[in-house]
Amino acid sequence: KAGAMQWLVQSLVQNLEVEKDQPSPLLGASSGFMLNLGAVMLQLAHPVIADAEKLKKVDLFYLFANEGKVVFPDDLTKLMPLAYFSSLTSAAGSLPPPAPPAAAASTAEFNFITQSFFLCWRALHLGVVPQCNRYENILRGLNHHHAGLETNDPHAMHYLVLKFGTDAQLLSPDLLQEIVLFCSAASTKLIDTLEPPQHSKNAMDVSTGDVEVNYQDWLCTPEQLTADQKHVLLNLPEHLVDDIMTMLIFVARTDPAILKTASMDSTLSLIVFFLRRPWAIQKPHLRAKFGLTLFHVFLPASARSRGDMWSQNTPVDGPHTNLLSTHIMAQRYMSPGLLLLYG
C-alpha cells in the first residue's frame, strides 16, 4: 500500500504543468491520464466520501502539515493571503497575528482516510477541473465554426473532435455521480471546520416553526474570526473552494439529474458562509462563481431555461432546488449577501 500511495503522490507532484491553461505536452501527462487518475482516486476515496462517520476522521490540517505540503505546496494561492488579511485588519485596527501551527502538527502522520481524501481532491483539481473549464471554450469554438461542419472546415472539425472526445471521457454518469458525491463531502468537511455551531442548525426546515431573523448581524467582520477560522482561511489553497463550485456548475449544465444523488446542504452553507464574509475571498471571480453556483445548482428548474445547458438534458428539480426555501441560514442571509455581491 505504501508503494502505491507514493506512486499516486508522485503522479500529482510531477504533473503540476497541467494546471496551466496551455500545458506543454512535454512537461506534463495527457489530459486523459489525469482524468483517469482522478477517476481512480474517486474510487479510492469512495468509502470515505460515502460514509459520514469516516468523513469525520479526515483531518483538514493535513493541508498545513509537511506531509500535505508535498502535494499542496506553499506557493499555491491562498484563499486569504496574509498580506491581504493584514490590509483588511489595518483599516479596522490592529489584530494579533495568527499563530503558526505547532511543530507537532506540522510533522504529524496522517491516516489513510485523510491521505486518500486529499490526494483525490488534488487529482480532481489537476484532471477533472481543467476539463470542465475547457469544455465551455470547446462549445464556444464549435458554435463559432458551426457553418464549417458542412464543408469539413479544419477548424470546425477540430472542435467537433474535441467535443466528442471530451464527452466520452467526462460525461460518464458514474463519474459525474462520484464527482457530485465528492463535492458534497468536501463542502461538509470545510463548513464543519469553519462554522460548526451554526452548521448543525442549517438543515432545519423553516416551515416547522417561526424563525427569529436579525438582518442586522448578517455581515461578519475579520475581527469576529476565531483562531481556527483565521488559520484555515489564511492557509487554505484557494483552488479547493473554486474546484467545488466549478465541478458542480459543470454537472448542473450537463447532467443536472445527478445533483439529486447527494446532499447539497453543506455546499449552500459554505456559500452562505462566504457571502457573509466577502472580505475572506480576495479574487472577484471566485465570489462571482458563488452566484453562478446558486443559479445553476440551486435555482428551481422553472426559473431556468434550456439556453443555460451544455447538453440536451433539461434542468430538473430535486432536494437541492428546495434548499433556498428550507435552509435557515440562506433564508436569513442570502438576500443581503447577494445584494452586496452584485452591487
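Using the UniProt record's numbering, the first residue of the sequence shown is number 1, and each one after it goes up by one.
Idealized CB from N, CA, C, for every residue including glycine.
Taken through DSSP and simplified to helix, strand or coil, P25 comes out as coil. With respect to R253, W218 sits apart: the two C-beta atoms are not nearer than 8 Å. In this structure, the straight-line span from the alpha carbon of L88 to that of L82 is close to 10 Å.
Annotation: R122 to D59 spans about 15 Å, alpha carbon to alpha carbon.
When DSSP states are grouped into helix, strand and coil, P81 belongs to the coil group. If you check the CB distance, T293 and I328 do not come in under 8 Å.
The shortest CA-to-CA distance from A262 to any of K283, T314, T321 is the one to T321. Under DSSP, P278 shares a beta bridge with no residue. Contact between I49 and V128 does not hold, since the beta-carbon distance rounds to 14 Å and is not under 8 Å. According to the DSSP assignment, I138 belongs to the alpha helix (DSSP H) that extends over 112 to 144. The C-beta distance from A2 to S116 rounds to 13 Å, too long to fall under 8 Å, and the pair is not in contact. Note on V70: under 16 other CB atoms within 10 angstroms of its CB, so exposed under the neighbour-count rule. Rounded to whole angstroms, the gap between the alpha carbons of L340 and S187 is 23 Å. A straight line joining the alpha-carbon of F182 with that of Y135 spans about 20 Å. Per DSSP, reduced to three states, the secondary structure at P319 is helical. Secondary structure note for V13: its alpha helix (DSSP H) is the uninterrupted segment 2 to 13. With contacts defined as CB atoms closer than 8 Å, V251 and L259 qualify as a contacting pair. Excluding five sequence positions before and after K54, the CB atoms of its chain that fall closer than 7 Å to its own CB belong to P47, V48, I113, given in chain order.
As a beta-bridge residue in DSSP terms, P237 pairs with K78.
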